[in-house]
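K.L.:
The structure under discussion is supplied below as structure tokens; questions concerning it will follow.
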Amino acid sequence: MRFDTVIIGGGLAGMTCGIRLAEAGQRCAIVSQGQSAIHFSSGSFDLLGHLPDGRSVTDPVAGIAELAETAPSHPYSKIGAERCARYAQEAPELLRSAGIQVAGDSRRNHFRITPMGKAKATWLTIDGYLTTDEAGRLPFKTVCIVNVEGFLDFYPEFIAQEFREAGVTCRFGSFNHPDVEQIRKNPSEMRSANIARVFDHEANLEAFAAELRKLAEGCDALILPALIGINRNDSLEFLRTRVGLPIYLLPTLPPSIPGIRAQQALQRRFRALGGEYFLGDSVVSAEMEGSRVARIFTANHGNIPFEAAHFVLATGSFFSKGLQATPDRIVEPVFGADTEFVPNRAEWYTLRFFDRQAYQAFGVKTDSALRVVKEGQVLENLYGAGAGLAGFHPVQEECGAGVSMLSALHVAENISGMKR
Ligand SMILES: Cc1cc2nc3c(=O)[nH]c(=O)nc-3n(C[C@H](O)[C@H](O)[C@H](O)COP(=O)(O)OP(=O)(O)OC[C@H]3O[C@@H](n4cnc5c(N)ncnc54)[C@H](O)[C@@H]3O)c2cc1C
51 MRFDTVIIGG GLAGMTCGIR LAEAGQRCAI VSQGQSAIHF SSGSFDLLGH
101 LPDGRSVTDP VAGIAELAET APSHPYSKIG AERCARYAQE APELLRSAGI
151 QVAGDSRRNH FRITPMGKAK ATWLTIDGYL TTDEAGRLPF KTVCIVNVEG
201 FLDFYPEFIA QEFREAGVTC RFGSFNHPDV EQIRKNPSEM RSANIARVFD
251 HEANLEAFAA ELRKLAEGCD ALILPALIGI NRNDSLEFLR TRVGLPIYLL
301 PTLPPSIPGI RAQQALQRRF RALGGEYFLG DSVVSAEMEG SRVARIFTAN
351 HGNIPFEAAH FVLATGSFFS KGLQATPDRI VEPVFGADTE FVPNRAEWYT
401 LRFFDRQAYQ AFGVKTDSAL RVVKEGQVLE NLYGAGAGLA GFHPVQEECG
451 AGVSMLSALH VAENISGMKR
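Read in order, the letters of the sequence shown are residues 51 to 470 in the numbering used here.
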């Protein structure tokens with residue numbers, strides 16, 4: 051099989067790159083092993099929340115410009131501040147073109163509310179999720195936090211504790227339904243995706259709306275866990291119209307309904323543009339010709355090669371097995387690319403979980419065009435994008451989705467030669 055570009059990994063980075071290349075007219079394939087980090091997403095996309103020295107960032111574009119001095123090997127520094135600013139304008143357009151409605155501004159972070167009720171700085175949030183422009187200020191005075199009976203991945207009490215500190219009066223409500231009781235017979239099935247399927251049925255959503263109307267009395271808003279709309283787009287609007295009050299969603303513990311929906315939407319967009327998506331297949335080896343990747347082989351296609359002018363390594367970090375740790379080194383398993391890591395294993399992590407962990411910045415070595423380096427040599431037609439890149443701390447710097455999307459757009463531009 052021959053393509054213009056083959057992308058390995060179908061997470062946020064692989065999808066973004068594939069969509070942009072397909073938009074540029076390339077014949078493109080994505081080979082992806084399985085679920086990606088986006089299935090666990092909060093419903094928000096971070097660009098830059100903190101600088102490496104811990105200072106918080108209000109204006110991500112200005113923060114990115116500072117990284118050139120303080121963190122020259124950060125993917126944003128390699129891409130360059132000006133380009134990052136441009137890609138940060140293009141990324142939300144790409145999401146919207148796939149049907150993922152997001153709001154946010156790359157010049158000013160807003161705050162999303164976490165499953166524990168805390169405010170966290172972020173860049174883009176999917177419509178319907180509770181956000182605020184100022185931490186400690188919420189857009190209501192009296193709120194009812196509603197859970198589905200027996201759902202344990204949502205914590206109304208913790209949320210209320212945080213809301214009360216912002217001067218909000220909190221009430222609690224719960225909803226039950228025979229179809230939910232059916233799921234509850236096996237407690238391990240009481241997960242967000244299964245419950246969301248119950249609410250995809252019009253009659254069940256109608257029953258939920260009727261209960262919410264009662265719970266809404268005396269409140270100026272309702273808070274629900276993100277348990278609706280896995281297969282239908284209008285669920286939140288449906289409830290809002292029937293209840294007649296603002297209703298906001300809060301993310302739950304994984305699996306994430308907004309993440310699953312986003313993944314499906316990106317996949318649909320890629321296929322609609324003519325892209326070929328090989329889900330459930332993994333790339334197991336590659337053949338080189340000099341400093342070029344000539345072809346790759348996958349588990350499902352055996353000795354039938356995937357050939358292309360360009361390849362993109364978007365296999366993620368440790369979470370997706372794009373990187374693997376052995377006792378003494380960090381390995382990139384498909385190409386055996388060079389990786390950046392601290393040689394002394396004792397320095398890879400600290401036992402204080404919330405500290406800045408060195409291993410999080412380990413990753414694949416690339417040049418400034420994000421071309422992958424192997425045995426000290428830049429590979430001419432293999433680019434790296436996303437969570438597997440070296441040089442950044444997605445958790446402490448709050449820049450995970452931003453690095454994935456901006457690096458993918460940069461790679462797509464380098465491959466297609468097309469600037470938007
Ligand atoms: C649990 C979790 C939650 C997160 N939540 C957020 C959030 O809410 N907001 C935010 O901004 N950031 C979040 N992040 C940061 C996250 O890394 C990025 O947002 C982004 O989604 C990463 O996308 P990616 O495509 O680079 O990598 P991944 O999402 O890891 O995708 C890599 C893909 O490559 C595939 N793959 C791996 N090896 C192979 C192979 N050999 N052959 C074929 N396919 C392969 C994997 O199956 C996977 O589908 C989160 C990260 C994690 C781990």
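For glycine and all other residues, C-beta sits at the position ideal for the given N, C-alpha and C.
#1: Could you give the DSSP three-state label for Pro125: helix, strand or coil?
#2: One question on the structure: do Asn254 and Asp284 come within less than 8 Å of each other, judged by their Cβ atoms?
#3: Leu432 and Ser457: beta carbons closer than 8 Å?
#4: Ligand 1 heavy atoms versus the CB of Gly413: any closer than 7 Å?
#5: DSSP on Thr120, reduced to helix/strand/coil?
#6: Here's the rule: buried if 16 or more other CB atoms are within 10 angstroms of the residue's CB, otherwise exposed. What is Gln313?
#7: Does the Cβ-Cβ distance between Thr180 and Leu300 come in under 8 Å?
#8: Taking the beta carbon of Asn394 as the centre, do at least 16 other beta carbons fall within 10 Å, making it buried, or is it exposed?
#9: Any chance the CB of Ala358 is under 7 Å from a heavy atom of ligand 1?
#10: Measuring only from the beta carbon, is Asp96 closer than 7 Å to any heavy atom that is part of ligand 1?
#11: Assuming Arg406 contacts Gln446 under a Cβ cut-off of 8 Å, what Cβ separation, rounded to an integer in Å, is found between them?
#12: Considering only the beta carbon of each residue, do Val334 and Ala387 sit closer than 8 Å?
#13: State buried or exposed for Leu329, treating a residue as buried only when at least 16 other CB atoms are found within 10 Å of its CB.
#14: Strictly by DSSP, which residues pair up with Thr181?
#15: Taking only the alpha-carbon atoms, compute the straight-line gap between Phe258 and Gly75 and give it to the nearest angstrom.
#16: From the DSSP output, read off the bridge partner residues of Ser457.
#17: Helix, strand or coil for Phe442, going by three-state DSSP, please let me know.
#18: Are the beta-carbon atoms of Leu97 and Ser156 separated by less than 8 Å?
#19: May I ask you to verify whether the region 217-224 touches the region 237-257, counting CB pairs closer than 8 Å and requiring at least 3?
#20: Enumerated in chain order, which unbroken segments of the alpha helix (DSSP H) with a length of 4 residues or greater are wholly contained in the region 280-344?
#21: Assuming Gly268 and Ile209 form a contact by the criterion Cβ under 8 Å, report the distance between their Cβ atoms to the nearest whole angstrom.
#22: Can you find the residues in the same chain that come closer than 6 Å, C-beta to C-beta, to Arg234, ignoring five residues on each side of it along the sequence?
#23: Can you tell me the Cβ-Cβ gap for Glu357 and Ala344, rounded? I've got them flagged as a contact below 8 Å.
#24: For the region 368-401, list the alpha helix (DSSP H) runs that are entirely contained and at least 4 residues long, ordered along the chain.
#25: According to DSSP, which residues form a beta bridge with His100?
#26: Alpha carbon to alpha carbon, how far is Val152 from Pro110?
P.N.:
Reading off the structure:
#1: helix
#2: no
#3: no
#4: no
#5: helix
#6: buried
#7: The sequence as given places Leu at residue 180; Thr does not occur at that position. In this structure, Leu300 lies closer than 8 Å to Leu180 by Cβ.
#8: exposed
#9: no
#10: yes
#11: 5 Å
#12: no
#13: exposed
#14: Arg162
#15: 45 Å
#16: Answer by DSSP bridge pairing: none, since Ser457 is not bridged.
#17: coil
#18: yes
#19: no
#20: 285-293 and 307-322
#21: So it is not a contact: roughly 19 Å between Cβ atoms.
#22: Gly200 and Met240
#23: 7 Å
#24: none
#25: Ser106
#26: 17 Å
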